[in-house]
Amino acid sequence: MKAFDLVIRGGTIVTPAGTMHADIGIEGERISAIGTDLHGREEIDARGLYVFPGLIDVHVHLQMPAGDIVTTDDFFTGTAAAACGGTTTIIDFIEQLPDESLRAAADARRAEADGKVAVDYSLHLTGNSSAPAFLEEIAALVREGYTSLKLYTTYTDLMVDDKDILRLLETCKSHGLLPIVHAENDAIIAYEQARLLSAGMTAPRYHPHSRPCTAEAEAVQRVLALAAVVNTPVYFVHISCAESLEAVERARAAGQTAYVEVTPQHLLLDDQVYDQPGFEGAKYCCAPPLRPRRHLDALWQGLQWGKVQTVATDHCPWDFATQRQRGRDNFTLIPNGLPSIETRAMLLYHFGVNAGRISLPRFVELCATAPALLFGLAPRKGDIAVGADADLVLWDPGREIILSAGSLHQRVDYCPYEGWKVRGAPHTVLLRGRVIVRDGKFVGAPGMGRFVPRTPFRPPFRGGMTNERAH
Ligand SMILES: [Zn+2]
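Position in the sequence shown (first residue = 1) + 54 = the numbering used here.
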């Protein structure tokens, strides 16, 4: 009888297609068999556990500079934390300076990550120019596996105007990149910030007022219009409000292809957190901001009905005791972003699957399979299939965890979900056949992860069209 290098025995395999009881045979770094009664030189008992494909977080900011500060998780601590949360592939960003070449910025970012990452990774390009030389650099980098391009409609050093967006969308279309968009109207934000500050409204509670839903929905609609002109799909990161989802649905009804990402923070935290006493509200400043409850309901409904394709974190950790304090007298100086690279799956499982809002297959689709298909990581990542990388999460549905900054691995001095109790967590995590989390403890090492060149984006992948009722 054939003996595999490693067999995951007796687990319940979950993919978007459904669930099944089977063993998984692994040879080297890949899955080589799925069946019953497989034998290995080594075996892991997965009875009573779910087996998911390694989860994928397509939106993280590790050791990201912003002015003179840098996000607190580096490529090792952030990816070790990701692993503890069941994530085995992340996609971070290359953010070149206004006059820096994309090639130089990409090489520098790779040098920062290689040798440190504990899980596999890739990088999104950022489109901050539409100069011909820059567009040529994009085309060259696609051939090395950088197949998505981030566009910002706000943030002075990064944002592009409609003219640039049209050219960049066209470049994405011709070379096989997925354009991913941070949509917020910059002029509305600047106007509201100035108005609030001049009226003495400087506390964190005014942050959400400075970035209203109107600012997001306007930018979503405008970018959809530009994408319609170019006739290319577009992916919106961190959608936070009902009006944006409605704009996307209207465009889809008119025949456009558009994808929506949501984050755990926008699903689970509402704008009342900004009213916490003292400066506590600064812990929750992110862009777009957390919204009134009705928007949370709309996002959950979007997950249920296939309007939303992915759940990613926008993990952007800034310490509360130091970095966030710079906005003590002016909320616009609080660095934006929330940490959740480690807690994403536990939160979505507990408040989605346990709460009966989404099915297990849909959970896997949102956290692994759809991200892999959209971002050119399939068929190596995002599925449990013969030939795929043996990135696997053995999930213990009964394990209870109280989320707390003190016990999480992500390196930041607070947790937005401090004291929340969740049921369901990773037990064992494998990266290309090697155990990197065992019994909930990180046992990997810096450099075990690898850069993953991605394949060009091939529209029209529609994603998220799984019929919930079929499960
Ligand atoms: Zn982000």
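The beta-carbon is built from N, C-alpha and C at its ideal position, and this holds for glycine as well.
Which first and last residues belong to the beta strand (DSSP E) in which residue i is found?
i	result
Leu109	109 to 111
Ala312	312 to 316
Arg84	84 to 89
Met74	72 to 81
Arg512	Looking at the DSSP string, Arg512 is not in any beta strand (DSSP E), and its letter there is neither H nor E.
Val491	488 to 492
Are residue i and residue j close, meaning C-beta to C-beta below 7 Å?
i	j	result
Arg63	Asp99	yes
Lys337	Thr286	no
Val112	Ala366	yes
Asp59	Arg504	no
Phe106	Val447	yes
Ala444	Ile110	no
Ala162	Val483	no
Tyr104	Trp359	no
Asp122	Arg465	no
Arg508	Gly199	yes
Ile438	Ile144	no
Ala282	Gln310	yes
Phe333	Asp467	no
Ala120	Arg95	no
Val316	Leu353	yes
Thr225	Leu280	no
Glu83	Gly460	no
Starting from residue i, trace the alpha helix (DSSP H) both ways and give me its first and last residue.
i	result
His261	261 to 264
Pro350	The question names Pro, but residue 350 is Leu in the sequence shown. Its alpha helix (DSSP H) spans residues 347 to 358.
Glu166	156 to 167
Leu60	Not the alpha helix (DSSP H): Leu60 falls in the beta strand (DSSP E), residues 57 to 69.
Arg398	398 to 402
Would you mind giving the Cβ-Cβ distance between residue i and residue j, rounded to the nearest angstrom? I have them listed as a contact below 8 Å.
i	j	result
Tyr209	Pro258	Going by Cβ atoms, the distance from Tyr209 to Pro258 rounds to 19 Å, so no, they are not a contact pair.
Arg453	Ala479	4 Å
Leu222	Val214	7 Å
Cys370	Leu392	7 Å
Thr14	Ala237	With the chain running from 55 to 525 in the structure shown, residue 14 is simply not present.
Ala301	Val274	5 Å
Thr180	Gln150	7 Å
Val506	Val497	Contact doesn't hold; Cβ gap of about 22 Å is too wide.
Thr134	His463	Looking at the sequence shown, residue 134 is not Thr but Ala. Yes, Ala134 and His463 are in contact; Cβ-Cβ is about 6 Å, under 8 Å.
Leu428	Gln363	7 Å
Pro262	Asp168	About 39 Å separates the two Cβ atoms, so there is no contact after all.
Ile242	Pro266	7 Å
Glu396	Gly139	4 Å
Ala424	Lys435	Not confirmed; about 12 Å, so no contact.
Val291	Val277	At roughly 11 Å, the Cβ-Cβ gap does not stay under 8 Å, so Val291 and Val277 are not in contact.
Pro70	Pro415	5 Å
Leu177	Phe147	6 Å
Tyr471	Leu402	Between Leu402 and Tyr471 the Cβ distance is about 12 Å, and since that is not below 8 Å, they are no contact.
Val532	Leu231	The chain is shown from 55 up to 525; residue 532 falls before or after that span and cannot be answered.
Ala271	Glu297	4 Å
Arg299	Lys361	Here residue 299 turns out to be Leu, not Arg, going by the sequence shown. 6 Å between Cβ atoms; contact.
Pro186	Leu205	Actually they are not in contact, since the Cβ atoms of Pro186 and Leu205 sit about 18 Å apart, beyond 8 Å.
Gly381	Val314	About 29 Å; that fails the 8 Å criterion.
Ile88	Val440	6 Å
Ser183	Asp218	7 Å
What ranges does the alpha helix (DSSP H) occupy inside the stretch 178 to 252, keeping only unbroken runs of at least 4 residues that lie completely in it?
Runs found: 186 to 196, 216 to 229, 240 to 252.
Which ranges would you report for the beta strand (DSSP E) in the stretch 271 to 345 if only whole runs of at least 3 residues count?
288 to 290, 312 to 316
Of all the alpha helix (DSSP H) runs that stay within the bounds of the stretch 416 to 483, which reach a length of 4 or more residues?
For the stretch 416 to 483, whole alpha helix (DSSP H) runs of length 4 or above, ordered along the chain, are 424 to 428.
Alpha helix (DSSP H) runs contained entirely in the stretch 95 to 153, provided each spans 4 or more residues:
Taking 4 residues as the shortest admissible run, the stretch 95 to 153 contains the following complete alpha helix (DSSP H) segments, listed from N- to C-terminal end: 129 to 138.
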